[in-house]
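Numbering (this note's numbering), first residue to last: -2 to 416.
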Ligand code: HGY
Ligand code: MN
Ligand code: MN
């Protein structure tokens, strides 16, 4: 394999493009580039232009994913693919998802500049709606690609402004009913690789440049609609109250307590979204909409946590005179990544002299769905102080370049250069 590293090309364009893409959805409190919104569409449009500029054939699939293809010289039709997502959380940083998309573009730019042809075609995929931030449902684009969409759930979710998922995709020029047509068959892809920031402190603490991901924890997520009784906060005595927010507070503390007591596996529990109604100072909250999630790379642990919480919700609601409706948003299984692909990534690190650590991912990724379609691997680069889903998200430039180097080496090995 050619030993020239990313640095030899003196084309630090990925840093430039990270800056360019951070403009899409840029605001006073960070970047907000939610799924199926104009900022995400601007990022997709820019990505399409950059791929076409590199001579790639680009298409938008029925779910809104961008798929760019660089032809191979062999007869093989199944592509070596890499990619990640362009949408972000609310008040995000500049790296989550977009780094993996731009690193794939950088690999193609390097191949073009070095005039290297490959036996297998190469594909770059920019997934849409990976984050659950807008609709509570995550990795919609890759679920559509592998045939895992739950259209019934999507037909009933709305964003915080009350816009339905169906309306949001229609405004982006997509047909909700056709989303499942994004499904691809296993013989279209040889492998899929996702480069992503770690979003945790493990690589930094272990002073390693590259994470070779072994497994991906997966979320189980429910929306709860809690109903009590709104009332005057000055005249309603405490024993007469049916306060939906106090009930929600007990549920939130139960999520934390149950998960903290769950010592034997890497399990976490969070309530990250809460909506109080009518949300006015002098009215007892009559309604609360909230989303809770459990994540673990141990399916049994997640199941046990959720069962225990459902029992506690029953007790809290009876004791407080509340009604609680729950809606399953997602219940995904933890995923082991492909051992062969993990070995190719490790070999790439050895050849390129990058220190690496094999590790699990606490965050969910499109790779957990792609693993149902084809052999899949993930490459992590360090997040400074483990900060992510925050404007302070940062990865050192030389770690970004190390990630591009390893993605390049891995893709080249799998796509087989024709000398
Ligand atoms: O929520 C996650 O795990 C990822 O950031 N989509
Ligand atoms: Mn994320
Ligand atoms: Mn991500």
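In this text, a Cβ means the ideal position worked out from N, Cα and C, and glycines have one as well.
Nothing here was measured: the structure is a model prediction, and the numbers come from that model.
Item                                                                                                                                   : Value
Contact test: residue 398 Cβ vs ligand 1 heavy atom, cutoff 7 Å                                                                        : no
Rounded straight-line distance, which links the Cα of residue 312 to that of residue 132                                               : 28 Å
Cβ distance (whole Å) where residue 306 is taken to contact residue 259 below 8 Å                                                      : With a Cβ gap of about 11 Å, residue 306 and residue 259 do not count as contacting.
Helix, strand or coil at residue 114 according to DSSP, with G and I counted as helix                                                  : strand
Residue 412 versus residue 189: straight-line alpha-carbon distance, rounded                                                           : 11 Å
Test: residue 132 CB closer than 8 Å to a CB of chain B                                                                                : This model lacks chain B altogether, as it is built from one protein chain only.
Buried versus exposed call for residue 204 [16 or more other C-beta atoms within 10 Å across all chains shown]                         : exposed
Sequence-distant residues of the same chain with beta carbon closer than 6 Å to residue 114, five excluded per side                    : 70, 415
CB contact flag (residue 288, residue 218, <8 Å)                                                                                       : yes
Residue from 331, 279, 275, 277 whose Cα sits closest to the Cα of residue 294                                                         : 331
Cβ contact check for the segment 137 to 157 and the segment 366 to 377: 3 or more pairs under 8 Å                                      : yes
Per DSSP, cross-strand counterpart(s) of residue 79                                                                                    : 121, 190
Which residues DSSP lists as bridging residue 222, in chain order                                                                      : 286, 322
Spatial distance of residue 422 from residue 321 (CA atoms)                                                                            : Nothing about residue 422 can be read from this structure; the chain reaches only from -2 to 416.
Separation of residue 68 from residue 386, as counted between CA atoms                                                                 : 35 Å
Three-way DSSP call (helix, strand, coil) for residue 10 in this model                                                                 : helix
Residue 191 beta carbon less than 8 Å from that of residue 362                                                                         : yes
Lining residues of ligand 2 - beta-carbon closer than 6 Å to any non-hydrogen atom, in sequence order                                  : 86, 93, 128, 386
Burial state of residue 172, where buried means 16 or more other Cβ atoms lie within 10 Å                                              : exposed
Element boundaries [alpha helix (DSSP H), containing residue 148]                                                                      : 148 to 151
Cut-off 8 Å between Cβ atoms - residues of its own chain near residue 169, not counting five sequence neighbours on either side        : 33, 38, 61
With 16 other Cβ atoms within 10 Å as the buried cut-off, status of residue 380                                                        : buried
Length-filtered (4 minimum) alpha helix (DSSP H) runs lying within the segment 236 to 261                                              : 241 to 258
In DSSP terms, what residue 376 is bridged to                                                                                          : 192, 209
Residue 360 Cβ short of 7 Å to ligand 1 heavy atom set                                                                                 : yes
Three CB pairs or more closer than 8 Å across the segment 148 to 163 and the segment 110 to 125                                        : no
Local conformation of residue 496 per DSSP, three classes                                                                              : The displayed coordinates of the chain run from -2 to 416. Any statement about residue 496 would go beyond what the structure contains.
Contacts around residue 323, its chain only, beta-carbon distance under 6 Å, and the 5 residues preceding and following it disregarded : 219, 221
Counted within 10 angstroms of its Cβ, other Cβ atoms place residue 178 as buried (16 or more) or exposed                              : exposed
Buried or exposed (CB count within 10 angstroms, at least 16 for buried), residue 236                                                  : exposed
Through-space distance from residue 96 to residue 4, alpha-carbon basis                                                                : Because the pLDDT of residue 4 is 49, which lies under 50, any placement of that residue in the model is unreliable, and the number read from its coordinates should be weighed accordingly. Roughly 17 Å between the two C-alpha positions.
Residue 390 versus residue 26: straight-line alpha-carbon distance, rounded                                                            : 13 Å
Residue 135: CB within 7 Å of a non-hydrogen atom of ligand 1                                                                          : yes
Residue 100 beta carbon less than 8 Å from that of residue 401                                                                         : yes
Candidates 326, 104, 36, 59: closest to residue 87 by CA position                                                                      : 36
For residue 66, the nearest candidate out of 78, 59, 248 (CA to CA)                                                                    : 78
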